[in-house]
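> In the UniProt record's numbering, the protein residues as written are 1 to 668.
C-beta: ideal position from N, C-alpha, C; glycine also.
#1: Please report how far the alpha carbon of residue 507 lies from the alpha carbon of residue 499, in whole angstroms.
#2: Check whether the stretch 107–127 touches the stretch 169–178, taking contact to mean three or more Cβ pairs, one atom from each stretch, closer than 8 Å.
#3: Are the stretch 282–291 and the stretch 368–381 touching by the rule of at least three beta carbon pairs closer than 8 Å?
#4: Is residue 35 helix, strand or coil when you go by DSSP?
#5: Which of the three DSSP states, helix, strand or coil, is assigned to residue 41?
#6: According to DSSP, is residue 662 helix, strand or coil?
#7: Going straight from the alpha carbon of residue 632 to that of residue 607, what length do you get?
#8: Residue 194 lies in the alpha helix (DSSP H); which residues open and close that run?
#9: Let's see if you can read the secondary structure: which residues bound the beta strand (DSSP E) around residue 87?
#10: Kindly indicate which three-state DSSP category residue 587 falls into: helix, strand or coil?
#11: Report the partner residues of residue 284 according to the DSSP bridge assignment.
#12: For the stretch 360–377 against the stretch 269–281, do three or more pairs of beta-carbon atoms, one drawn from each stretch, fall closer than 8 Å, so that the two count as touching?
#13: Quick one, are the C-beta atoms of residue 248 and residue 357 less than 7 Å apart?
#14: So who's on the other strand from residue 270, going by DSSP bridges?
#15: Can you give me the Cβ contacts of residue 627 inside the same chain, cut-off strictly under 8 Å, excluding the 5 residues immediately before and after it?
#16: Output the distance between the C-alpha atoms of residue 305 and residue 256, rounded to the nearest integer angstrom.
#17: Specify the secondary structure class of residue 209 as computed by DSSP and reduced to three states.
#18: Compute the Euclidean distance between the alpha carbons of residue 291 and residue 496, then round it to the nearest angstrom.
#19: For residue 185 versus residue 311, is the C-beta spacing smaller than 7 Å?
#20: Using C-beta distances below 6 Å, list every residue in its chain close to residue 224, excluding the 5 sequence neighbours before and after it, in chain order.
#21: Taking the alpha carbon of residue 83 as the reference point, which residue from 384, 93 and 136 has its own alpha carbon closest?
#22: Hey, out of 159, 652, 366 and 4, whose CA is closest to residue 696's CA?
#23: What did DSSP end up calling residue 345 once you bin it into helix, strand or coil?
#24: On the DSSP letters alone, give me the boundaries of the alpha helix (DSSP H) that residue 118 sits inside.
#25: Secondary structure at residue 616, three-state DSSP: helix, strand or coil?
#26: How many Å lie between residue 624 and residue 514 at the Cα?
#27: Considering only their Cβ atoms, is the gap separating residue 36 from residue 25 smaller than 7 Å?
#28: Report the three-state DSSP secondary structure of residue 165 (helix, strand or coil).
#29: Could you spell out where the alpha helix (DSSP H) holding residue 99 opens and where it closes?
#30: Considering only their Cβ atoms, is the gap separating residue 406 from residue 448 smaller than 7 Å?
#31: By Cβ distance below 6 Å, which residues in the same chain neighbour residue 114 in space, the five residues on each side in sequence not counted?
#32: For residue 1, does the three-state DSSP call read helix, strand or coil?
#33: Candidates 652, 556 and 455: which alpha carbon is nearest residue 396's?
#34: Going by DSSP, what residue range makes up the beta strand (DSSP E) through residue 134?
#35: Just how far apart, CA to CA, sit residue 295 and residue 207?
#36: From what residue to what residue does the alpha helix (DSSP H) around residue 334 run?
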């Protein structure tokens, strides 16, 4: 074990211009000084703590490291995660003089010690668990995924390395997300993207670092590295005895959340409730009482909020086979009250939470009582709650007793003498009682070892038999399994075919509906044509020769084109009326010159069937008659104009001839 002692020499954590410097000492369990320094900055302390991998850190005032609990939490994140930090001058919530604390471990100081001496005293006190543990509080953990090295500058190989690292980062991010999802740990993720892909990622998991490390492990490879760091929001002073006490926690969520905390000996029971509890406040409240080892609820299926808390803490969740009825809850409450405990239950939420915790306790009660009885019979000087904790961790009664015997033997053979830091082997030959106890324990241990060996042998036999049965079953049902596989594959193929056929049928049904509707329309149009209400007009796609042949002698034509090639109209050699969707004045004039009348945007066909358009006869007759009248009038005016022009031309020619004749006569 390595312990670091710290004391401030000069400066202040509140000052940026005069930052603090610290004296530090590192010792081992034999009080050998492994390292010491008179003046070290805070960053140096953190580096040294990691370099020596210290297990404990002692300081007389933790606010020498940072001015507030918030900043202390941030600094605690930087120290080794497994290191316990002690304020050696704090006992049971009260300040104690450092020199008086030193006397507890046999150190007597007549005058005020120097900073380096103070650091040594703090280290010795922390080694002997004197003072109060201070720990970071927060239920967030950061998981950092980044490149393990730089790919280098330029070149094809550098690009290949970079792509390989990006691929490894992407693969790691996917795997971490998968594991956190499977563990039902909630998280946020920040992705760092570059030009070529993913360059890194930061996960913020809403669980403590111990829970996160059960599912995601730190990693440092050739391409990537994965770092896991806690994120503390504050610090908390933890009573040593209370912090070690394992407890069962019952939770009843709702608008008002009820909490019940019960120790494994049913000697202490706490209940409280509030409408303002969130997950973090519940966890902090529980840890202020003890260390939770089991979360319980009175409902099945358990509420999501309870499952989330159990997931965050990484604890087993106990739920009854069916939700507890009110009668069952009252019976459990009466049972605990008969044991002489004074419990104040203010709300039904507290009652339900307590019932859940007690129901979880009773699920293990038989084994817990048996363990307590055997410890008493053997006269073992051990922490009973610690042994009971082994049962809740899944160990058998015999394994828990072996663990208790092992702890008891450690207490017998090894202890810490009053001389500071020296670990001595006790002289057991001077005490006959200890010899008798050891002999008795060795006999009991021998019996338990024999029993364990018999059980191991029986387990091995059962495992062999199980393997034989599994082997036989594999061959016995092989054909059945094959048939089932083929059946499933065939069913899936048939389902896919059915799906395709249904789609095809749906398409055919749509087409059929269209055909039926079209047939109904055709029937109505035929009736209209027979009655003389509708009229058929040919549709011209263009004015080519074959179109003229197809149209025949029709004088009214409907065209789908928005423009007309005038040269093609000249070949028609007969007057026409064109029905157009739109046209300009210029187009009208040019068409009239060619002897073609136009109807622009005034008529819309009721339907078009290939080369025939159907129009309302009444609408067509009037409009076509008007267009034809305009065409005839235009042609008449044109002919008159042409006739006038011809007569005038003849007059001009005659005048020219007469004038020419007169000139010739005069000359002669």
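Concretely, from the data shown:
#1: 13 Å
#2: no
#3: no
#4: strand
#5: strand
#6: helix
#7: 30 Å
#8: Counting along the chain, residue 194 falls outside any alpha helix (DSSP H), and DSSP gives it neither H nor E.
#9: 84–87
#10: helix
#11: The partner list for residue 284 (beta bridge, DSSP) is empty, contrary to what the question assumes.
#12: no
#13: yes
#14: 261
#15: 577, 597, 598 and 599
#16: 13 Å
#17: helix
#18: 56 Å
#19: yes
#20: 148, 168, 169 and 172
#21: 136
#22: The displayed coordinates of the chain run from 1 to 668. Any statement about residue 696 would go beyond what the structure contains.
#23: coil
#24: 115–127
#25: strand
#26: 33 Å
#27: yes
#28: helix
#29: 98–103
#30: no
#31: none
#32: coil
#33: 455
#34: 132–137
#35: 15 Å
#36: 326–337
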